[in-house]
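J.:
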Amino acid sequence: MIGVTVTQNETNSNLGDDPALDPVEAAASAPPDQSPAAGTSETAAASGTAPDSPGLVEPEAEAGYLDDDGDDDEPFVLSPYDQPGRWFVVHTYAGYENKVKSNLHSRAVSMNMEDRIYEVVIPMEDVVEFKNGKKVVVQKKVFPGYLLCRCELDDDSWSVIRNTPGVTGFVGPGTKPTPLSRREVEGILQVKVEGGEAPSKRSRPRLEHEVGETVRVKEGPFADFSGQIAEINEDQLKLKVLVNIFGRETPVELEFSQVAKL
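First residue of the sequence shown: 191, per my numbering; consecutive thereafter.
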């Protein structure tokens, strides 16, 4: 089944070497004069305390189940890179990404390829814009004309993906698709931990760039990429930089503080 939610955890359990004999079995197998309970009830009655029973454990004392050290409260996020399959970049027509994603999903289901084609993602990002004097957050595609596909790539799955209407090919040399690295996957899909520190507020940067200048991206999914400034928006403090991604120049919107001069 193709899905966006991902899980992949392995939990180890530590078993004891030799399980202790059940108290009932011990009582049944012991001679009458050596029964574990012999004399215990009288002693308990005299002292006013109940005998210890190996079969009864106070909830607080159950080893491994109640731990107050707080470690279990640590948030855990599984990297999308560690999910089954590998991530590949699929090239399509700009503006048709959603349609191609739907087509690919339908083909994977109808051709029983759900066990090899797991997930198709259109990378999106939140962009702050000003409309009618108001600040609004809108979602935009990070890579117009590209999809990310997580799959077990073989001849059959390659054919299903490649022959999906709207798909023009895979990214990679010749006919050999190149899987994304861990750094690329985690950078593009923005792996974050819930409850993490909020980004610190940035002071208003000064305008130090001009159209046509080549800059280096300092942070975000495009960190360490370089590109040429195509547009400057002083009101929104943003730049549009042409970054070479997957062998093609792609316009990427960045904040002033996210780039540096070369």
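Glycine included, every Cβ here is placed at the ideal spot set by N, Cα and C. The structure displayed is predicted, hence computed values, not measured ones.
Check the Cβ-Cβ distances between E443 and every residue of chain B, and say whether any is below 9 angstroms.
T.: In summary, chain B is missing from the structure at hand, where a single protein chain is found.
J.: Between the beta-carbon of F333 and the beta-carbon of F415, is there less than 9 angstroms?
T.: Within the sequence shown, numbered from 1, the residue matching residue 333 stands at position 143. Within the sequence shown, numbered from 1, the residue matching residue 415 stands at position 225. Contact flag unset, no.
J.: How would you write the range of the beta strand (DSSP E) that V328 sits in, first residue to last?
T.: As a position in the sequence shown, residue 328 is number 138, starting the count at 1. Here the beta strand (DSSP E) through V328 covers 324 to 331.
J.: Could you give the first and the last residue of the continuous alpha helix (DSSP H) run that contains D482?
T.: The requested residue 482 does not occur in the structure, where the chain is confined to residues 191 to 452.
J.: Give the single residue among D316, G377, M301, P363 whose Cα lies nearest to the Cα of T354.
T.: Position 164 of the sequence shown, counted from the first residue, corresponds to residue 354. Comparing Cα-Cα distances from T354 to each of D316, G377, M301, P363, the minimum goes to M301.
J.: Would you call the CB atoms of C341 and R276 closer than 9 angstroms?
T.: Position 151 of the sequence shown, counted from the first residue, corresponds to residue 341. Position 86 of the sequence shown, counted from the first residue, corresponds to residue 276. Result yes, Cβ atoms of C341 and R276 sit closer than 9 angstroms.
J.: Rounded to the nearest angstrom, what separates W348 and Q448 at their Cα positions?
T.: Against the sequence shown, residue 348 aligns to sequence position 158. Against the sequence shown, residue 448 aligns to sequence position 258. For W348 and Q448, the distance between alpha carbons rounds to 37 angstroms.
J.: Pull up the distance between the alpha-carbon of K289 and that of Y283, whole angstroms please.
T.: The sequence position of residue 289 within the sequence shown is 99, counting from 1. The sequence position of residue 283 within the sequence shown is 93, counting from 1. The straight-line gap from Cα to Cα measures roughly 10 angstroms.
J.: Quick one: what's got a C-beta closer than 7 angstroms to E409's C-beta in the same chain, skipping five residues either side?
T.: Counting from 1 along the sequence shown, the entry for residue 409 is found at position 219. So the list reads Q448, once near-sequence residues are dropped.
J.: Excluding five sequence neighbours on each side, which residues of the same chain lie with their C-beta closer than 8 angstroms to the C-beta of E400?
T.: Within the sequence shown, the letter at position 210 stands for residue 400. For E400, where only same-chain residues beyond five positions count, the Cβ hits under 8 angstroms are I419, I422.
J.: Who are the Cβ neighbours of D257 in its own chain at under 6 angstroms, not counting the five residues just before and after it?
T.: Residue numbering aside, residue 257 sits at position 67 when the sequence shown is read from its first letter. Only weak support is given to the placement of D257: the predicted model assigns it a pLDDT of 46, under 50, and the value that follows is read from those uncertain coordinates. Taken in chain order, the list of residues that qualify is empty.
J.: Let me know the secondary structure DSSP gives R372 once reduced to three states.
T.: The residue you call residue 372 lines up with position 182 of the sequence shown. Three-state result, R372: helix.
J.: How long is the line joining the alpha carbons of Y271 and D316, rounded to whole angstroms?
T.: Residue 271 sits at position 81 when you count from the first residue of the sequence shown. Residue 316 sits at position 126 when you count from the first residue of the sequence shown. If you take the alpha carbons of Y271 and D316, they lie about 22 angstroms apart.
J.: Taking the alpha-carbon positions, what's the I351 to F278 distance?
T.: Within the sequence shown, residue 351 is the residue found at index 161, counting from 1. Within the sequence shown, residue 278 is the residue found at index 88, counting from 1. Each residue's Cα considered, the two are about 11 angstroms apart.
J.: Please state if the CB of R372 and the CB of D346 are separated by a distance shorter than 9 angstroms.
T.: Locating residue 346 in the sequence shown gives position 156, where the first residue counts as 1. Locating residue 372 in the sequence shown gives position 182, where the first residue counts as 1. No, the Cβ-Cβ distance between D346 and R372 is not below 9 angstroms.
J.: Going by Cα to Cα distance, which pick from M303, V311, K324, L379 is closest to Y336?
T.: Here residue 336 corresponds to residue number 146 of the sequence shown, with the count starting at 1. It is V311 whose Cα lies nearest to the Cα of Y336.
J.: Can you give me the Cβ contacts of E443 inside the same chain, cut-off strictly under 7 angstroms, excluding the 5 residues immediately before and after it?
T.: For the purposes of this step, residue 443 is taken as the residue at position 253 of the sequence shown. The residues are V317, K428, K430.
J.: Would you kindly report the start and end of the unbroken alpha helix (DSSP H) that includes N288?
T.: On the sequence shown, position 98 is the one that residue 288 refers to. Run containing N288: 287 to 300, per the alpha helix (DSSP H) assignment.
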